[in-house]
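Notes follow once the structure below has been shown.
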Amino acid sequence: MKKLSLMMASVLAVSMLAGCGAATQPAPDKKTETAAPANATDKKMADGVYYAQQKNADADWNYAVVLDVKDGKITNVNWTGISKDAGPDKKTVSKDGKYGMKEKAKAQAEWHEQAEKVEKFLIEKQDPAAITVDNEGKTDAVSGVSIKINDFTALVTEALAAGPQQPGPYKDGAYHAEQPEFEKDWKYTADFTVLNGKIVAANWNAINEKGEADKKTQSKEGKYGMKEKAKAQAEWHEQAAKVEQALIEKQDPAAITVNNEGKTDAISGVSIKVNDFVKLAEEALKDAKK
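Going by our numbering, the residue at position 274 of the sequence shown is 266; the numbering climbs one at a time, nothing skipped.
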């Protein structure tokens, strides 16, 4: 009987120890077992147009996205690049065969073709987080896409966070105007890029009658020499850049007031004549209004 009691006590002690041991183990975190769907969200997107763009002055292309949202869903996506020289956007340049990824980089498809696949994928998934990106900025989530897409996902995220924006008054596209004749060795030109209805890039330059480098290039290389020759406060290309930026901010060439000498007091740090630029901008954009 004593043996039986001792055996039962031993079994009970072991059971209690086992129970205590189990209690010290952390409970499994069920949230880590299954990931939530990439497009899961408690916040419905407001209808409207969403926009975001890069602003890197040193880049050849600054990427931009335009998103249309209807009934709380992304219905249309436009991912493209804005050239530092204004004019046609990256998608247009690629479609015209002037970017040449297949020829130059032996890519499987041109840039615009790959961009369109990424756009379509976003419309299907409704969430940029669904497009996984590796350390090189590329993705395995979208078949047939070898270009870097980290800029795209970042811009989409930024655009959605900022909320809908009112599109501008212009028709998207590239616009150009130039003077009909040379004057004192130069003929001024102006190029503009419109995206989401707004002027997003402007390039004011001049062609040399003798076939030499354009005015901006000569100015950057120190061959035009406004500071040295005319004691100007800044070189021609530096002042031209301020004029271009003023137009992008004001969105209307008429907002740049010009006096009888062709100069302006509307832009700080600009002493060059700007009347030629204003005229060219008005000419280039006259048919751009919606």
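The C-beta atom is built at its ideal place from N, Cα and C for all residues, glycine as well. Keep in mind it's a predicted model, so treat the numbers as computed, not measured.
Could you tell me how far apart the beta carbons of residue i and residue j are, in whole angstroms, since I believe they sit closer than 8 Å?
{"i": "L114", "j": "I74", "result": "Incorrect: roughly 20 Å between the Cβ atoms, too far for contact."}
{"i": "Y91", "j": "K281", "result": "Not a contact, Cβ separation roughly 29 Å."}
{"i": "K208", "j": "N200", "result": "Wrong, their Cβ atoms sit about 11 Å apart, outside the cutoff."}
{"i": "Q231", "j": "G261", "result": "7 Å"}
{"i": "V266", "j": "K278", "result": "Actually they do not touch by this definition, with Cβ atoms about 18 Å apart."}
{"i": "V137", "j": "Q106", "result": "5 Å"}
{"i": "A238", "j": "A222", "result": "With a Cβ gap of about 21 Å, A238 and A222 do not count as contacting."}
What's the C-alpha gap between residue i and residue j?
{"i": "T149", "j": "G155", "result": "10 Å"}
{"i": "D268", "j": "D143", "result": "36 Å"}
{"i": "V192", "j": "Q100", "result": "31 Å"}
{"i": "A194", "j": "T84", "result": "17 Å"}
{"i": "S263", "j": "F184", "result": "23 Å"}
{"i": "V125", "j": "T131", "result": "5 Å"}
{"i": "P20", "j": "G40", "result": "Residue confidence is low: P20 scores 36 on pLDDT, short of 50, so the model does not pin down where it sits. No coordinate-derived value is stated."}
{"i": "A32", "j": "D63", "result": "Summary for A32: the model assigns pLDDT 37, below 50, so the residue's position carries little reliability, and this model does not support an answer."}
{"i": "A226", "j": "K212", "result": "11 Å"}
{"i": "T145", "j": "V235", "result": "32 Å"}
{"i": "E274", "j": "D81", "result": "21 Å"}
{"i": "P159", "j": "K117", "result": "25 Å"}
{"i": "N68", "j": "A224", "result": "48 Å"}
{"i": "D206", "j": "G189", "result": "29 Å"}
{"i": "K109", "j": "S135", "result": "8 Å"}
{"i": "L272", "j": "K47", "result": "25 Å"}
{"i": "V270", "j": "A276", "result": "10 Å"}
{"i": "W71", "j": "P120", "result": "13 Å"}
{"i": "A153", "j": "L187", "result": "19 Å"}
{"i": "A233", "j": "A49", "result": "10 Å"}
{"i": "L59", "j": "A38", "result": "12 Å"}
I'd like to know whether the C-beta atoms of residue i and residue j end up nearer to each other than 9 Å.
{"i": "A122", "j": "A133", "result": "yes"}
{"i": "Y43", "j": "V57", "result": "yes"}
{"i": "E111", "j": "K87", "result": "no"}
{"i": "K36", "j": "W53", "result": "no"}
{"i": "I141", "j": "M93", "result": "no"}
{"i": "G89", "j": "A166", "result": "no"}
{"i": "Q45", "j": "L147", "result": "yes"}
Specify, as a first and last residue, the run of the alpha helix (DSSP H) that residue i falls within.
{"i": "Q225", "result": "No alpha helix (DSSP H) holds Q225; DSSP gives it neither H nor E."}
{"i": "A273", "result": "N267 to L277"}
{"i": "T209", "result": "K207 to K212"}
{"i": "I115", "result": "W103 to K117"}
{"i": "A289", "result": "With the chain represented from -7 up to 282, any question about residue 289 goes unanswered, as that position is not in the structure."}
Locate the beta strand (DSSP E) running through residue i, then write down its first and last residues.
{"i": "E150", "result": "First-last for E150: N142 to A154, but that is the alpha helix (DSSP H), not the beta strand (DSSP E)."}
{"i": "F184", "result": "W178 to L187"}
{"i": "I328", "result": "Examination of residue 328 is not possible in this model, given that the chain is present from -7 through 282 alone."}
{"i": "Q45", "result": "G40 to Q45"}
{"i": "K255", "result": "Segment: none, K255 is in no beta strand (DSSP E) and carries neither H nor E."}
Do three or more CB pairs link the stretch 171 to 183 to the stretch 250 to 258 at distances below 8 Å? no
Using 8 Å as the threshold, is the stretch 210 to 223 in touch with the stretch 172 to 187, meaning 3 or more CB pairs across them? no
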